[in-house]
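Below is one structure, written out as structure tokens; the observations come after it.
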Amino acid sequence: MNTSETAVTTEAAHDDHDHPSDAKYIQIALLLGIITAAEVATYFVDIGVALIPVLMIMMVVKFFYVASWFMHLRFDSPLFTKFFVAGLILATTVYLVFLTVFEFWSKG
Numbered sequence: 749m750n751t752s753e754t755a756v757t758t759e760a761a762h763d764d765h766d767h768p769s770d771a772k773y774i775q776i777a778l779l780l781g782i783i784t785a786a787e788v789a790t791y792f793v794d795i796g797v798a799l800i801p802v803l804m805i806m807m808v809v810k811f812f813y814v815a816s817w818f819m820h821l822r823f824d825s826p827l828f829t830k831f832f833v834a835g836l837i838l839a840t841t842v843y844l845v846f847l848t849v850f851e852f853w854s855k856g
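Sequential numbering of the sequence shown, starting at 749, is according to the numbering used here.
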């Protein structure tokens with residue numbers, strides 16, 4: 749198999765799925781913008797002890813949309829998704845341990 753055949757085979761394998769339309773990407777970008785605005789708004793609105801859980805939920809939602817749509821994980825091998833989810837779980841766990849070590853939860 750020469751290089752041009754390999755390129756055609758790789759391109760054909762990559763195009764096995766329907767690509768989302770530009771409108772879908774714009775919708776996702778608007779949703780991400782709204783979530784980001786809500787995250788920034790938490791700085792100005794006192795939501796008390798719900799701050800960290802609300803921010804963590806918004807973080808996970810944004811991670812899901814960016815990874816699955818803009819990084820095309822929803823079209824790739826499930827193995828890649830497992831690596832990204834494992835990284836998200838690890839990062840979240842490290843952050844929660846960090847907050848616990850510095851006694852964030854006992855401040856009030």
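For every residue, glycine included, the Cβ atom is placed at its ideal position computed from N, Cα and C.
Original post:
With DSSP run on the structure shown, which of helix, strand or coil describes Asp824?
Top reply: coil
**OP:** Return helix, strand or coil for Trp853, following the three-state DSSP convention.
**Re:** coil
Original post:
Going by C-alpha distance, which of Phe811, Met806, Leu827 is nearest Glu787?
Top reply: Met806
Original post:
Between which two residues does the alpha helix (DSSP H) harbouring Phe812 extend?
Top reply: 799-813
**OP:** Please report how far the alpha carbon of Gly781 lies from the alpha carbon of Thr848, in whole angstroms.
**Re:** 30 Å
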